[in-house]
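Written out below as structure tokens is the structure these notes cover.
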Amino acid sequence: LAGQATNLTSLSLTSSPLSLGDFTNLAANPQASIKLPQEKSWRQPLSLPPNRNQPVEVKLNSSGEPLVPGLYTYLIASAEIANQSIYPPSPFLVVASDTQLTLKRSAVDLFIWAVNLKNNTPVISTLVTAYDEKGNAIGTGNTDSNGIAKIALPSGLDQFSPVFAMIDKPGASNFSLATTGLNQGIFAWDFGLSVDFNDNQPFIYLYTDRPIYQPGQTIYFRAVARHINNGRYTSLKQEKLTFNISGSNES
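Numbering-wise (this note's numbering), the sequence shown opens with residue 8 and increments by one.
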């Protein structure tokens, strides 16, 4: 794991494999109380020049060997910074896999693209299962010849709650997982893109012929009304719309 450090002499690491349920719990609440079944701890010495920020390679296990495909949690600490925060350290969640899952969510379905990282080829004819934030299965789909699967979302699912797409189970050789929840720094807003998850609702763009009016002047305005459904605009079913115009004093 690539990182950076300044004036640290060592790292103290604790890790444990996770079930899907524990992983979703920690993803939603990093301070959730989780009983870790196979907790392991080790120390990694560092040899860094003083007062210089340096790249470091953090070992994800004591031996430095690759992880078995699965879900893991880590706590990384150091004696030099033990008392510098009033908050308890948050766990670092890891998905170890040889399959890269790209997951995108629309208003009505999930788009999943599975690629084998060893040879950069699509993962074909493979079952993908979608889960909600509580670990309940909400749909399945199979990847096609391009490694792409689409899964319809159930109605009533909270549009802001994370969903997970998973191949097989943690520990299996072809296991992989992706989620819409772990998107810090890569969400659309981080790139200046406007995002609106509201779906199946009317959208109205209204403008007037001038920004300000004097008493007695006639107000001319135009409204463009459309129905939004999964990113597509269609005409409203209503033939007439009623507008109420009020002033700053609501008169």
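The beta carbon of each residue, even a glycine, is placed where N, CA and C say it ideally should be.
Cβ contact annotation for L74 (same chain, cutoff 6 Å, sequence separation greater than five): L67, A103, in chain order. Your pair S23 and P44 checks out as a contact, with CB atoms roughly 7 Å apart and the cut at 8 Å. In the structure shown, the three-state DSSP call for N32 is helix. The stretch 72-89 makes no contact with the stretch 186-205, as fewer than three CB pairs between them are under 8 Å. For A195, the three-state secondary structure derived from DSSP is helix.
Scanning S152, Y212, W120 for the CA closest to the CA of I158 turns up W120. R217 counts as exposed, since fewer than 16 other C-beta atoms from the protein chains shown sit within 10 angstroms of its C-beta.
W196 and F167 have their C-alpha atoms spaced approximately 14 Å apart. Remark: fewer than three beta-carbon pairs, one from each stretch, lie closer than 8 Å, so the stretch 51-63 and the stretch 107-122 are not flagged as touching. Leaving aside the five residues that flank N153 on each side, the residues in its chain whose CB is nearer than 7 Å to its CB run, in chain order, P129. Scanning its chain for C-beta atoms nearer than 7 Å, with the 5 sequence neighbours on each side dropped, one finds around A9 the residues P62, E64, in chain order. For L100, the closest C-alpha among the options N127, T106, L160, L25 is that of L25. Residue environment: A35 is assigned as exposed (fewer than 16 neighbouring CB atoms within 10 Å of its CB, all protein chains considered). A84 is the residue among F30, A84, Y79, S180 whose C-alpha sits nearest the C-alpha of Q51. In summary, A230 is exposed, with fewer than 16 beta-carbon neighbours lying within 10 Å of its beta-carbon over all protein chains present. In the DSSP annotation of this structure, the continuous segment of the beta strand (DSSP E) that includes T109 starts and ends at 106-112. Here the C-alpha atom of L184 lies approximately 6 Å from the C-alpha atom of I174.
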